[in-house]
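*Asks:* Next up is a structure, given as structure tokens.
2 protein chains.
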Amino acid sequence: MAQPSSKKQRTHPQYELLYHPGIPGRGEFIRLALEAAGVPYTDTANEQKDGYSTVQKICMNTGTESADGNPPVFSPPALRVPGAGKDGKSALIISQTPNILFYLGEKIGIAPEDEASKYHVQQLALTALDLNNEVHDSHHPIAVMLYYEDQKEESLKKAKDIRESRIPKFLSYFSRTLQHNEKTGGGQGKYLVGDSLTYADTTVWQVLDGCMFAFPKEMQARKSEFPDLFGAFYEGVKEHKGLKEYLSSERRLAYSMGVFRHYPELDRQ
Amino acid sequence: MAQPSSKKQRTHPQYELLYHPGIPGRGEFIRLALEAAGVPYTDTANEQKDGYSTVQKICMNTGTESADGNPPVFSPPALRVPGAGKDGKSALIISQTPNILFYLGEKIGIAPEDEASKYHVQQLALTALDLNNEVHDSHHPIAVMLYYEDQKEESLKKAKDIRESRIPKFLSYFSRTLQHNEKTGGGQGKYLVGDSLTYADTTVWQVLDGCMFAFPKEMQARKSEFPDLFGAFYEGVKEHKGLKEYLSSERRLAYSMGVFRHYPELDRQ
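Chains as they are written, first to last, in full-length UniProt numbering: chain Z, 1 to 269; chain R, 1 to 269.
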């Protein structure tokens, strides 16, 4: 992991993750980044009494302000950073998963400092988050507010396309990125960019892991096509110092009815 | 518009936009940012002989490199920046629309320099691009590689949800952001963040404009709900110095069979 470049950066504010309780969801990408960096944070909805009402008040209101003088938030997740507001005293609230990751990348040492690599890490995270959105649509192709059961026919078609066309296209891209890094002397097949763990690794890893939960047969069948991705990369991230303890802790929430859902009928038959 | 902070920043490399020819698509968000800043660029596929084969070679190959030693690209658009590569000599290639916008925001004076505003601009752009993706899915809810005609039944359902639930949710967020800026002393109803044009404005504007093309009846009916957005904001961006000439030029491509398509049956009836 890149070392923070100054003493100042080593003292972190008490970051607060504002997200729905009980599911990994998009909040998980933020959790993994913070856990990997060993930086303490508060998972407000899961840890605080009435925490979800705080999340709702800040991220799901329909007013012209989120909180602390910050502009509105479209939807969770958001990150609350005490003392980082515009006036230098109140809290900064930022939202959109890739935006939060970019911000944290600069603060907690999970992104490289050179410009080309910094934007490459964000490019990978954005692409993994695109796949995350597509997987969500495999069980909600018509409307996010309808039940799966009310769009099951369409889900069967959508999931087929995602499994047969989209997942291999994304896996190929991630796999070729690993190979490029290794060919140019970095990563040893364990990291996507450079020689240390970045939020590109944790984000791609989470989407891989989620797909294994949602589509176990499909992913099992793809293993031999992308041995590097399922092997040194996937297994390596799990063993990373900051993540190993987290992944076996109670803080790591089980997949259930969030983005990654296991409906056997949507998997490879 | 924020002024570039040093003389160095005023000398720009010859930016090259790598995108599909003949459609505005996701490339348009990059074009608008560059045009608004008055920074020259090459629209490779539309301006160069065999330009699209360059785009295909760099952004749509299945190898372990895009070009100039850069890692693979998942799909267009990408930005080629001569002289900005890792070795300080070759070109840097970066992809993912919001990533390119963030990068340009730091280089060409279309993003604020203070941290809170910089991430707020990116938050807005990411959210507008999410709506852009949802609108794409209104005519391709099942599979990007199938014809619209082969997923028309599903499109009728999907478009209904996008018009009735999603578009108003996004418009409300953009409108409340305008109001927040004005309430805290900025923007005069013309800018989403601060007192000058940013890529948040151009990106939200393009999605609004595209929705007006795709769903003219729906958007007409929404005007009275969001008078600020359709009024001072939408009209103001069109009149911006750098954009007015562009929007009436031949460089501004007509909507056709890209993200924004006008199928009357998908509009409000």
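Note that the Cβ used here is the ideal one computed from N, Cα and C, for glycine as well.
(1) Terminal residues of the continuous alpha helix (DSSP H) containing glutamate 218 of chain R?
(2) Between alanine 116 of chain Z and chain R, is the shortest Cβ-Cβ distance under 8 Å, so that the two count as touching?
(3) Comparing alpha-carbon positions, which option in Z/Leu192, Z/Leu208, Z/Tyr199 and Z/Tyr263 lies nearest proline 64 of chain R?
(4) DSSP three-state call for arginine 80 of chain R: helix, strand or coil?
(5) Please decide whether glycine 242 of chain Z counts as near chain R, where near means a Cβ-Cβ distance under 8 Å.
(6) Measuring CA to CA, which of R/Ala33, R/Asp87, R/Pro227 and R/Arg268 is closest to glycine 105 of chain R?
(7) Going by the DSSP bridge assignment, what does glutamate 16 of chain Z pair with across the sheet?
(8) Output yes if chain Z places a C-beta closer than 8 Å to the C-beta of lysine 107 of chain R; else output no.
(9) Please work out which residues of its chain come closer than 8 Å, Cβ to Cβ, to tyrosine 173 of chain R, disregarding the five sequence neighbours upstream and downstream, and give them in chain order.
(10) Closest to serine 256 of chain Z by CA distance: which of Z/Phe213, Z/Ala91 and Z/Phe102 is it?
(11) Any Cβ of chain Z within less than 8 Å of the Cβ of leucine 126 of chain R?
(12) Residues in the segment 142-165 of chain R with C-beta within 7 Å of chain Z's C-beta atoms, listed in sequence order?
(13) Of all the alpha helix (DSSP H) runs that stay within the bounds of the segment 54-104 of chain Z, which reach a length of 4 or more residues?
(14) Taking contact to mean 3 or more Cβ pairs, one atom from each stretch, closer than 8 Å, check whether the segment 132-145 of chain R and the segment 210-227 of chain R are in contact.
(15) Starting from the C-beta of serine 6 of chain Z, find all residues in its chain whose C-beta is less than 8 Å away, skip the five residues before and the five after it, and write them out in chain order.
(16) Quick one: what's got a C-beta closer than 7 Å to threonine 44 of chain Z's C-beta in the same chain, skipping five residues either side?
(17) Looking at the secondary structure, which residues open and close the alpha helix (DSSP H) in which residue 273 of chain Z lies?
(18) Using 8 Å as the threshold, is the C-beta distance between leucine 101 of chain Z and phenylalanine 170 of chain Z below it?
(19) Please check the pair leucine 208 of chain R and tyrosine 234 of chain R, which I expect to be a contact at CB under 8 Å, by giving their CB distance rounded to whole angstroms.
(20) Between Z/Leu131, Z/Ser224 and Z/Gly186, which lies nearest to phenylalanine 260 of chain Z when the distance is taken from Cα to Cα?
(21) State the DSSP-derived secondary structure class of tyrosine 147 of chain R, mapped to helix, strand or coil.
(22) Shorter than 8 Å from the beta carbon of glycine 189 of chain R to some beta carbon of chain Z?
(23) Does the count of Cβ pairs from the segment 173-192 of chain Z and the segment 155-168 of chain R closer than 8 Å reach three?
(24) Could you give the first and the last residue of the continuous alpha helix (DSSP H) run that contains glutamine 179 of chain Z?
(25) Taking aspartate 161 of chain Z as part of the alpha helix (DSSP H), name the residues at either end of that continuous run.
(26) Considering phenylalanine 230 of chain R, what are the terminal residues of the alpha helix (DSSP H) in which it resides?
(27) Hey, how far is the Cα of serine 155 of chain R from the Cα of aspartate 201 of chain R?
(28) Determine whether the Cβ of glycine 27 of chain R lies closer than 8 Å to any Cβ atom of chain Z.
(29) Going by beta-carbon coordinates alone, are lysine 190 of chain Z and alanine 221 of chain Z separated by less than 8 Å?
(30) Out of R/Glu47, R/Asp267, R/Lys57 and R/Val121, point me to the one whose CA is closest to arginine 251 of chain R's CA.
(31) For the segment 94-105 of chain Z, which residues have a CB atom closer than 9 Å to at least one CB atom of chain R, in sequence order?
(32) So for proline 21 of chain R, helix, strand or coil by DSSP?
*Replies:* Per the coordinate set shown:
(1) Indexing the second sequence from 1 puts residue 218 of chain R at position 218. Its alpha helix (DSSP H) spans residues 216-222.
(2) The residue labelled residue 116 of chain Z in the question sits at position 116 within the first sequence. Interface with chain R (8 Å Cβ-Cβ cutoff): alanine 116 of chain Z is included.
(3) Reading the second sequence from its first residue, position 64 is the one you call residue 64 of chain R. Sequence check: residue 64 of chain R is threonine here, not proline. The residue with the shortest Cα to Cα distance from threonine 64 of chain R is Z/Leu192.
(4) Translated into the one-based positions of the second sequence, residue 80 of chain R becomes position 80. Of the three classes helix, strand and coil, the one that applies to arginine 80 of chain R here is strand, per DSSP.
(5) Counting from one through the first sequence, the residue named residue 242 of chain Z turns up at place 242. Not an interface residue.
(6) As a position in the second sequence, residue 105 of chain R is number 105, starting the count at 1. Of the listed residues, the one whose Cα sits closest to glycine 105 of chain R is R/Ala33.
(7) Numbered from its first residue, the first sequence carries residue 16 of chain Z at position 16. Paired residues: Z/Thr42 and Z/Arg80.
(8) Looking up residue 107 of chain R in the second sequence gives position 107. So no, lysine 107 of chain R is outside the interface.
(9) Taking the first residue of the second sequence as position 1, residue 173 of chain R is located at position 173. For tyrosine 173 of chain R, where only same-chain residues beyond five positions count, the Cβ hits under 8 Å are Thr127.
(10) The residue given as residue 256 of chain Z occupies position 256 in the first sequence. Per the Cα distances, Z/Phe213.
(11) Stepping through the second sequence from its first residue, residue 126 of chain R is reached at position 126. By this cut-off, leucine 126 of chain R is an interface position.
(12) Ile142, Ala143, Met145, Glu154, Lys157, Lys158, Asp161 and Ser165
(13) Segments of the alpha helix (DSSP H) lying fully in the segment 54-104 of chain Z: there are none.
(14) yes
(15) The residue given as residue 6 of chain Z occupies position 6 in the first sequence. Bear in mind that the predicted position of serine 6 of chain Z carries a pLDDT of just 44, short of 50, making it unreliable; the figure below should be weighed with that in mind. The answer is none, since no qualifying residue turns up.
(16) Position 44 of the first sequence, counted from the start, is the residue given in the question as residue 44 of chain Z. Around threonine 44 of chain Z: Glu16, Leu17, Leu18, Gly51, Thr54 and Val55.
(17) Chain Z is shown from 1 up to 269; residue 273 of chain Z falls before or after that span and cannot be answered.
(18) For the purposes of this step, residue 101 of chain Z is taken as residue 101 along the first sequence, with counting starting at 1. For the purposes of this step, residue 170 of chain Z is taken as residue 170 along the first sequence, with counting starting at 1. Going by C-beta atoms, leucine 101 of chain Z is not nearer than 8 Å to phenylalanine 170 of chain Z.
(19) Here residue 208 of chain R corresponds to residue number 208 of the second sequence, with the count starting at 1. Here residue 234 of chain R corresponds to residue number 234 of the second sequence, with the count starting at 1. 6 Å between Cβ atoms; contact.
(20) Numbered from 1 along the first sequence, position 260 holds the residue referred to as residue 260 of chain Z. Selected option, being the one with the closest Cα: Z/Leu131.
(21) One-based indexing of the second sequence puts residue 147 of chain R at position 147. Looking at tyrosine 147 of chain R - three-state DSSP - the assignment turns out to be coil, as it is neither helix nor strand.
(22) The residue labelled residue 189 of chain R in the question sits at position 189 within the second sequence. Closer than 8 Å: no.
(23) no
(24) The count along the first sequence starts at 1 and reaches residue 179 of chain Z at position 179. Residues 167-183.
(25) The sequence position of residue 161 of chain Z within the first sequence is 161, counting from 1. Start and end: 152-161.
(26) Residue numbering aside, residue 230 of chain R sits at position 230 when the second sequence is read from its first letter. No alpha helix (DSSP H) holds phenylalanine 230 of chain R; DSSP gives it neither H nor E.
(27) In the second sequence, residue 155 of chain R corresponds to position 155, counting from 1. In the second sequence, residue 201 of chain R corresponds to position 201, counting from 1. In a straight line, the C-alpha of serine 155 of chain R is about 29 Å away from that of aspartate 201 of chain R.
(28) Counting from 1 along the second sequence, the entry for residue 27 of chain R is found at position 27. So, not an interface residue.
(29) Locating residue 190 of chain Z in the first sequence gives position 190, counting from the first residue. Locating residue 221 of chain Z in the first sequence gives position 221, counting from the first residue. Not in contact: lysine 190 of chain Z and alanine 221 of chain Z (Cβ atoms no closer than 8 Å).
(30) Walking along the second sequence from the start, residue 251 of chain R turns up at place 251. Among R/Glu47, R/Asp267, R/Lys57 and R/Val121, the Cα nearest to that of arginine 251 of chain R belongs to R/Glu47.
(31) Ile94, Ser95, Gln96, Thr97, Pro98, Asn99, Ile100, Phe102 and Tyr103
(32) To locate residue 21 of chain R, count along the second sequence from 1; it is residue 21. Three-state DSSP puts proline 21 of chain R in coil, outside helix and strand.
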